[in-house]
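Read through the structure below, which is laid out as structure tokens, and then see the notes.
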Amino acid sequence: MSDPGTDPAHDADVRATGTPGPDEAPWTPERWFERGLQLSRGLVLIPVIVLVISALAAFAYGAALLIWSLIQVVPHPFPVGHKLGLFLLDIDLFLVGATLLISAIGFYELFISKVDAGGPGAAMPTWLVMRDLNDLKARVVSMLVLVAAVSFVDVVVGFTGGHDILYLGGAVALVIVALTAFLRFGASRETGGR
């Protein structure tokens, strides 16, 4: 019989099953704690479920808003200005829903398992595969920038005058620059400048 400390196949079996072999020491408090930490990854299912439900709600609300907008716009299509804001709000809702769904997929892939439904055409798109937390941050921050830009355009469409729009535009631009800098420099620092 080989020594458990020198047999890589035995060590791999212990890591895979989490149970010590007959020649090994019984479970210690440290082993119980590590096993508990490993099982605690399942807690991530709570935010994943909440994010998926929230995404579904955003998509449903966006669809309902689209139907309501069409009912409002079709009988009186002109002037266009204010009515365009209804459709921009719809875009905003769908972007928020997509951001929530991307976050749910990212959490699941990072903590639980890779999403692989199997079969032809069922694979996740490469841009949606999350390898680390930086991938998730990049996608969420990119979506937040897009949501901020669309929200600002929605305000501009309904704008009536004054300098307030300049202040709002400057604030939105500052937030976008800060998020872009965070994404660019934060990720390169964490990955060692790669």
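Going left to right, the sequence shown walks through residues 261 to 454 as my numbering numbers them. Yeah, the Cβ is synthetic: ideal placement off N, Cα and C, and Gly gets one too.
Beta-carbon spacing of residue i, residue j below 8 Å
i, j, result
"residue 322", "residue 347", "no"
"residue 428", "residue 417", "no"
"residue 308", "residue 362", "no"
Cα-Cα separation between residue i and residue j, rounded to whole angstroms
i, j, result
"residue 264", "residue 436", "Only weak support is given to the placement of residue 264: the predicted model assigns it a pLDDT of 49, under 50, and the value that follows is read from those uncertain coordinates. If you take the alpha carbons of residue 264 and residue 436, they lie about 55 Å apart."
"residue 413", "residue 292", "54 Å"
"residue 335", "residue 349", "20 Å"
"residue 431", "residue 409", "11 Å"
"residue 311", "residue 404", "15 Å"
"residue 305", "residue 389", "18 Å"
"residue 351", "residue 375", "27 Å"
"residue 422", "residue 407", "24 Å"
"residue 393", "residue 446", "12 Å"
"residue 326", "residue 303", "36 Å"
"residue 368", "residue 419", "41 Å"
"residue 298", "residue 384", "25 Å"
"residue 424", "residue 345", "18 Å"
"residue 317", "residue 364", "14 Å"
"residue 426", "residue 324", "32 Å"
Residue i - DSSP class collapsed to helix/strand/coil
i, result
"residue 307", "helix"
"residue 391", "coil"
"residue 289", "helix"
"residue 383", "coil"
"residue 418", "coil"
"residue 372", "coil"
"residue 334", "coil"
"residue 265", "Because the pLDDT of residue 265 is 49, which lies under 50, any placement of that residue in the model is unreliable, and the number read from its coordinates should be weighed accordingly. Residue state, collapsed to three classes: coil."
Beta-carbon contacts of residue i that lie in its chain and below 8 Å, excluding the five residues immediately before and after
i, result
"residue 343", "329, 332, 333 and 337"
"residue 301", "371 and 372"
Heavy atom of the ligand NAP within 7 Å of residue i beta-carbon
i, result
"residue 338", "The ligand NAP is absent from the structure shown, which contains no ligand whatsoever."
When the options are compared against residue i, the one with the closest alpha-carbon
i, options, result
"residue 411", "363, 433, 423 and 438", "433"
"residue 442", "398, 421, 420 and 424", "398"
"residue 360", "345, 387, 369 and 314", "314"
Close Cβ partners of residue i (< 6 Å) along its chain, the five nearest in sequence each way excluded
i, result
"residue 366", "390 and 396"
"residue 438", "none"
Other residues of its chain near residue i: CB distance less than 7 Å, five sequence neighbours each side excluded
i, result
"residue 444", "none"
"residue 319", "354 and 357"
"residue 288", "none"
"residue 339", "none"
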